[in-house]
Each structure stands twice: as structure tokens, then as C-alpha cells.
Amino acid sequence: MSIEHPTKWFKHVDSLQRVLNSVPSRSTKYSPFELLIGVKMKNPEDVMIRNLLEESQEQLFQHRDNLRREAKQNILKIQEENRRTYNRKRKEAHLYKKGDLVAIKRTLSLETN
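Residue numbering for the sequence shown follows our numbering, beginning at 5 and increasing consecutively.
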């Protein structure tokens, strides 16, 4: 804040104190101002952030949509790889016709009481 004018650091104390008082504590999850007054502090920085977000909202949405499209393509790619890996050792299913004689191999024993 005062890199350009290191001897004028005291001019920034009030804004730094405001920031420190408005930042939630890790232990309490609330800011000192909120604990003292009972409401969240309104900062001029909040207005600037809100304006910045409104300006860049379209860019954020576009970036999010691009990420989602890319993620979908990555999922489809992995699913195709998984399908190929799974099907590599699979045999083609035999097509039975009506009247064919078939045997059923039981893998579980069924007990009846």
C-alpha cells in the first residue's frame, strides 16, 4: 500500500484496521465487527467488488460453461476408454433361436426350508 511512499504508511492504518475488523476469524467464524455490533460491516471495497463482479459476470459464466464443456468431453473420453478396456476380454453373446436347447449353470446354491 505504501511501497511508493514508505514514510506515509500511517495514512493506510484506518483502511487496514477496517479490513482486519471485517475479516472473519478462523476460530469464531465471525468478524470482530460482527461480534461487537451484531451485523456484517459494509465496506467501500464491497461496492467495488460488486461492480467488478457485475462487469465480469458474463466472462465468468462463459469461462464456467467452457470448463463444463471440457469436463464433459473428458468424461466421455474416459467412459470410452473404460468401455474398450471392459469389452477387451468380453466374448460376443451367443444368439439363441426359438427352440434351441440351452443349459443353465447355477453359480449359487438355493436352499429351501
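Glycine included, C-beta positions come from ideal geometry on N, C-alpha and C.
How far does the alpha helix (DSSP H) with residue i in it extend, from its first residue to its last?
i, result
"Leu18", "Checking the sequence, you will find Asp at residue 18 rather than Leu. Where Asp18 is concerned, the enclosing alpha helix (DSSP H) stretches over 17-26."
"Ile108", "Where Ile108 is concerned, there is no enclosing alpha helix (DSSP H), given that its DSSP letter is neither H nor E."
"Pro36", "36-41"
Considering Cα atoms alone, identify which of the options is closest to residue i.
i, options, result
"Ser19", "Asp50, Ala97, Thr111", "Asp50"
Per DSSP, what kind of secondary structure is residue i in: helix, strand or coil?
i, result
"Ser31", "coil"
"Asn47", "coil"
"Glu96", "coil"
"His67", "helix"
"Lys81", "helix"
"Glu8", "coil"
Using 10 angstroms around the beta-carbon of residue i, count the other beta-carbons present and answer buried if the total reaches 16, otherwise exposed.
i, result
"Phe65", "exposed"
"Phe37", "buried"
Do residue i and residue j have their C-beta atoms within less than 7 Å of each other?
i, j, result
"Asn47", "Ser31", "no"
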